[in-house]
Amino acid sequence: MEEDPMAVALPEDALAEILRRLPLRSLATSRCVCKAWCAIVDGRRLLLRELLPHSVRGIFLKYTDLDYPAFLSHPSMEPNILGKLNFHRLPGHWNTASILSHCNGLLLYEDMEGLHVSNPATQWRASLPPPPPPPPHPDRLYERPHLVFDPTESLHYEVLLVPSSSLTEERDEPSKEWPASVWMLCAFSSRTGQWEESAFVREGEAAGMASDEVLQRSNAFSQGCSAYWHGALFVQCNAGFTVMRISLSNNKYRVIKMPTDIGEIEYYHVYLGRSKGGLCCASFHDWHKLRVWILDDSGGTIEWVLKHHIDIHNSVSPVRRHVEKNNGPWILEDADSGEHYGQHNLQDVNKDEGHNNNALVKSKVEWDSDNHNIVDNESEVVQCFSGYISVLGFHPYKDVIFLNLSLDRALAYHLNTSTVQDLGNLCPK
2 MEEDPMAVAL PEDALAEILR RLPLRSLATS RCVCKAWCAI VDGRRLLLRE LLPHSVRGIF
62 LKYTDLDYPA FLSHPSMEPN ILGKLNFHRL PGHWNTASIL SHCNGLLLYE DMEGLHVSNP
122 ATQWRASLPP PPPPPPHPDR LYERPHLVFD PTESLHYEVL LVPSSSLTEE RDEPSKEWPA
182 SVWMLCAFSS RTGQWEESAF VREGEAAGMA SDEVLQRSNA FSQGCSAYWH GALFVQCNAG
242 FTVMRISLSN NKYRVIKMPT DIGEIEYYHV YLGRSKGGLC CASFHDWHKL RVWILDDSGG
302 TIEWVLKHHI DIHNSVSPVR RHVEKNNGPW ILEDADSGEH YGQHNLQDVN KDEGHNNNAL
362 VKSKVEWDSD NHNIVDNESE VVQCFSGYIS VLGFHPYKDV IFLNLSLDRA LAYHLNTSTV
422 QDLGNLCPK
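Under my numbering, the first residue of the sequence shown is numbered 2, with each subsequent residue one higher.
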């Protein structure tokens, strides 16, 4: 690239505003005009905002009785996503692999080789060195890794080990506040390629005393939820009783207690995630009554605001009858068996050469997240739903929550309209 006097005649701020309005392809091309334009595009991060995913292409699922996760995706996704993650299996050993965390398109997972960060869409993968040895007391047993990746700020990622309860501190100093005013956390940075321990200073009050029974709650078989929002990592701790807001930019953290009106917290019935409106907390009570809170941090205070309180029984009851006539379009891929279950069995389609073209055409169709495969709940309900419902996750860009219906069907529930979409089968063979 050579310098062009005409290209730098405008003030930098004015030129940045002009470039910001260009379509993505033209903006990328403008980086090649001259060094000054390239510096503006890169320095102002004009392209990085386009790297964030803006659609949901699939859901990773962890089953208690399966050693490897499954992947539920709509037909526009290329098959064999799990195979591309390249889980490492050792012959003759008890092998497992778990999705531990995700953030803006990247996955953090663990297999027999250790921790890995991967982008399933591009097949990119990086292996992390093992964390440093635990201190004399086994704190590491109660720490869980959480991924932080914000492409609008940097293409580097970080993995943070966060204690899930005060159990270790209670054995040593039961009268001690938890977490401490200065919290020592271990983090891995892709920028340095190393694990380092850093001090995080608490803002506001502690969650309580280390001896408090509620702060000692932990579940070794399930990881707490986490979500990245507005430059901070929010981590669910103490079996769902508290949320930690951790800022890696200024090494500060704050304790956020769950909504006061949530009632008795059961770990499996509380889900923390990010949705269109921001950071959300969802909980079921009386089996089919859904409540969703939004975290409001405006006005200098932080509080949970109840946004939705819905009895979804009548909305999900027609699903059974709907499934008899319509099978959801999403495909379930099981890493243990390598098979796919859903509207199209990909192995059967490939055997029939006469249907190959049709299968390829269908795989290119985007899932309409507003209108596709809607369950009709206006007609008479023939059979009432009597199973259980749990949360799979939030749609990050819509007011939609994904639900598990008795380990049978995956549903997309539109919070503002009570519309239900049947996504597909959830039960692997």
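For each residue, glycine too, the CB sits at the ideal point set by N, CA and C. Keep in mind it's a predicted model, so treat the numbers as computed, not measured.
query: Whose CA, out of Glu197, Asn426, Asn252, lies closest to the CA of Pro130?; result: Glu197
query: I'd like the span of the beta strand (DSSP E) that includes Thr65, first residue to last.; result: Careful: Thr65 lies outside any beta strand (DSSP E) and carries neither H nor E.
query: For the stretch 273-283 and the stretch 292-300, state whether three or more C-beta atom pairs, one from each stretch, are separated by less than 8 angstroms.; result: yes
query: Taking all protein chains shown into account, do 16 or more other C-beta atoms lie within 10 angstroms of the C-beta of Val202, making it buried, or fewer, making it exposed?; result: exposed
query: By DSSP's criteria, Asn405 is part of a beta bridge. Which residues make up the other side?; result: Ser391, Ala411
query: Between which two residues does the alpha helix (DSSP H) harbouring Arg26 extend?; result: 25-31
query: Please check the pair Tyr414 and Ile402, which I expect to be a contact at CB under 8 angstroms, by giving their CB distance rounded to whole angstroms.; result: 5 angstroms
query: From what residue to what residue does the beta strand (DSSP E) around Val118 run?; result: 115-120
query: Please classify Gln237 as buried or exposed, where buried requires at least 16 other C-beta atoms within 10 Å of its C-beta.; result: buried
query: What's the C-alpha gap between Ala188 and Glu111?; result: 16 angstroms
query: For Met210, list the residues DSSP reports as bridge partners.; result: Glu178
query: Have a look at the DSSP bridge pairing and note the partners of Ala283.; result: Tyr272, Val293
query: Tell me which residue opens and which closes the alpha helix (DSSP H) that Cys314 is part of.; result: The identity of residue 314 in the sequence shown is His, whereas the question assumes Cys. Note, His314: alpha helix (DSSP H), 314-317.
query: First and last residue of the alpha helix (DSSP H) that includes Arg433?; result: Nothing can be reported for residue 433: it is not among the residues displayed for the chain, which extend from 2 to 430.
query: Measuring alpha carbon to alpha carbon, tell me which residue in Phe395, Pro152, Cys282, Leu333 is nearest Leu424.; result: Leu333
query: Mark Met259 as exposed unless 16 or more other C-beta atoms lie within 10 angstroms of its C-beta, in which case mark it buried.; result: buried
query: Buried or exposed for Ser31, please, with buried defined as at least 16 other CB atoms from any protein chain shown within 10 angstroms of its CB.; result: buried
query: Glu178 and Val163 - do their beta-carbons sit closer together than 8 angstroms?; result: no
query: Measure from the alpha carbon of Ser391 to the alpha carbon of each residue in Tyr272, Leu416, His310, then state which is nearest.; result: Tyr272
query: With DSSP collapsed to three states, give me the class of Val42.; result: helix
query: Please determine, among Glu114, Lys290, Leu161, Ala207, the residue with the shortest C-alpha to C-alpha distance to Arg126.; result: Glu114
query: Nearest CA to the CA of Gly194: which residue from His75, Pro132, Glu206, Lys253?; result: Pro132
query: Output needed for His157: all residues of its chain with C-beta closer than 6 angstroms, excluding positions within five of it in sequence on either side, in chain order.; result: Ser191, Arg192
query: Expressed to the nearest angstrom, what Euclidean distance is found between the alpha-carbon atoms of Cys226 and Ile60?; result: 15 angstroms
query: Sort out for me which residues DSSP pairs Val145 with in a bridge.; result: Reading off the sequence shown, one finds Arg at residue 145, where the question assumed Val. DSSP, once it has assigned bridges, lists Val163 as partnering Arg145.
query: Would you kindly check if the distance between the Cβ of Leu67 and the Cβ of Pro429 is under 8 angstroms?; result: yes
query: Compute the distance between the beta-carbons of Ile41 and Glu13, then report whether it is under 8 angstroms.; result: yes
query: Can you tell which of Thr123, Val421, Ala411, Leu416 has its C-alpha closest to the C-alpha of Phe72?; result: Ala411
query: On the DSSP letters alone, give me the boundaries of the beta strand (DSSP E) that Val57 sits inside.; result: From DSSP, Val57 is part of no beta strand (DSSP E); its letter is neither H nor E.
query: How would you write the range of the beta strand (DSSP E) that Trp230 sits in, first residue to last?; result: 227-230
query: Taking the alpha-carbon of Leu62 as reference, which of Asp409, Ser419, Thr418 has the nearest alpha-carbon?; result: Asp409
query: Give the DSSP-derived three-state secondary structure of Met127 in the structure shown.; result: Note that residue 127 corresponds to Ala in the displayed sequence, not to Met. Strand.
query: Do you know offhand how far Trp431's Cα is from Pro152's?; result: Given that the chain is displayed from residue 2 to residue 430, the structure contains no residue 431 and the question cannot be resolved.
query: Once the 5 residues before and after Asn417 are set aside, which same chain residues still bring their CB inside 8 angstroms of it?; result: Asp400
query: Which term fits Ala10, buried or exposed, when burial requires 16 or more other beta carbons within 10 angstroms of its beta carbon?; result: exposed
query: Can you find the residues in the same chain that come closer than 7 angstroms, C-beta to C-beta, to Trp331, ignoring five residues on each side of it along the sequence?; result: Leu73, Ser74, His75, Gly343, Ala411, Leu424, Gly425
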